[in-house]
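> Residue numbers (my numbering): 1 to 285. We treat Cβ as the ideally placed atom computed from N, Cα and C, and that holds for glycine. Every value quoted in this text rests on a predicted model; they were computed, and no experiment measured them.
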């Protein structure tokens, strides 16, 4: 699967739609092991018709990933459920200049006593889908089918990868979920996967009744990342092996066999599973 993106520039209407601070912005990157990573970055917007910019105010893995591998994908969703997806190539960052000043004049950062934008990242636009509308009726139907499949034909996992909080978080139907994988051109790609739910403690299950053509085109066995996020600013990222074209309780589904869990939330983003060794903290006098 190689996503074809006919739009090579943002229109003036696109640029204006990306300006509000209250929106969903996602950045998919490729980690040093060639695996997909997905991060919420609300500052994503068009820097010009041919560029994408985003402001950094916290630390996290994605900021290092783009410096090592500049290929990225993005998704921007407005509060009225319009969304744009695209691919871009990171070019450089800056700690001053007009874009830096503009970001720090946004009320969210100008009047924040704890942090402001300290770095602005610039990306060259490769292409984008144009405006799309989230098909809510199809999403709701897919969520119901996913729930029926996991309840009627539950999976058995030998490993407790997903703790009870993470399972409950993914099973909350009004939380947002998005899936990322590495496309054949080496760029990541993002697919809305709001119907995804925890399938026991070791995997996620999602009906292919919505965005089915894209989900079915992902090669079986590909690495995939799924970001779950709530408007309460909670989120969790999982990664594992993608399993396509499954049938559960007579329903067509896909699954992600999870083997890695990551906490993207500040103040300390970090890996949750597999558990990391506890190391002593040394102080020097």
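Per DSSP, what kind of secondary structure is residue 243 in: helix, strand or coil?
Residue state, collapsed to three classes: strand.
> Which residue or residues does DSSP assign as beta-bridge partners of residue 290?
The structure shown does not extend to residue 290, since the chain is modelled only from 1 through 285, so no value can be given for it.
> Do you know how far the Cα of residue 54 is from the Cα of residue 113?
Because residue 113 carries a pLDDT of 45, less than 50, the predicted location of this residue cannot be relied on, and the following value inherits that uncertainty. Straight-line Cα distance between these residues: approximately 20 angstroms.
> Does residue 65 come out as helix, strand or coil in the three-state DSSP assignment?
Here residue 65 sits in helix by DSSP.
> Tell me the residue span of the beta strand (DSSP E) that contains residue 51.
From DSSP, the beta strand (DSSP E) with residue 51 extends over 51-56.
> Judging by CA-CA distance, which residue of 154, 180, 45 and 226 is the nearest neighbour of residue 16?
Out of 154, 180, 45 and 226, 45 has the C-alpha closest to the C-alpha of residue 16.
> Within a Cβ cutoff of 8 angstroms, which residues of the same chain sit near residue 36, ignoring the five residues on either side of it in sequence?
Within the same chain, residue 36 has close Cβ partners 28, 29, 30, 180, 181, 182, 188, 223, 224, 225 and 239.
> Determine the direct distance from the alpha carbon of residue 160 to that of residue 50, and round the result to whole angstroms.
Taking the straight line from one Cα to the other gives about 45 angstroms.
> Just how far apart, CA to CA, sit residue 218 and residue 274?
In a straight line, the C-alpha of residue 218 is about 25 angstroms away from that of residue 274.
> Could you check where the alpha helix (DSSP H) with residue 140 kicks off and where it finishes?
Per DSSP, residue 140 belongs to the alpha helix (DSSP H) from 136-152.
> For a test of the three-state rule: what should DSSP assign to residue 113, helix, strand or coil?
Bear in mind that the predicted position of residue 113 carries a pLDDT of just 45, short of 50, making it too unreliable to give a figure here.
> For residue 104, name the three-state secondary structure that DSSP assigns.
Three-state DSSP puts residue 104 in a helix.
> Quick check on DSSP: helix, strand or coil for residue 11?
Note: residue 11 maps to coil in three-state DSSP.
> Got a sec? Which residues, its chain only, sit under 7 angstroms from residue 186 by beta carbon, not counting five neighbours each side?
71, listed in sequence order.
> Where do the ends of the beta strand (DSSP E) carrying residue 225 lie?
Here the beta strand (DSSP E) through residue 225 covers 223-229.
> Can you give me the C-alpha to C-alpha distance between residue 202 and residue 256, rounded to a whole angstrom?
If I take the Cα positions, the gap works out to 9 angstroms.
> Would DSSP call residue 86 helix, strand or coil?
Note: residue 86 maps to strand in three-state DSSP.
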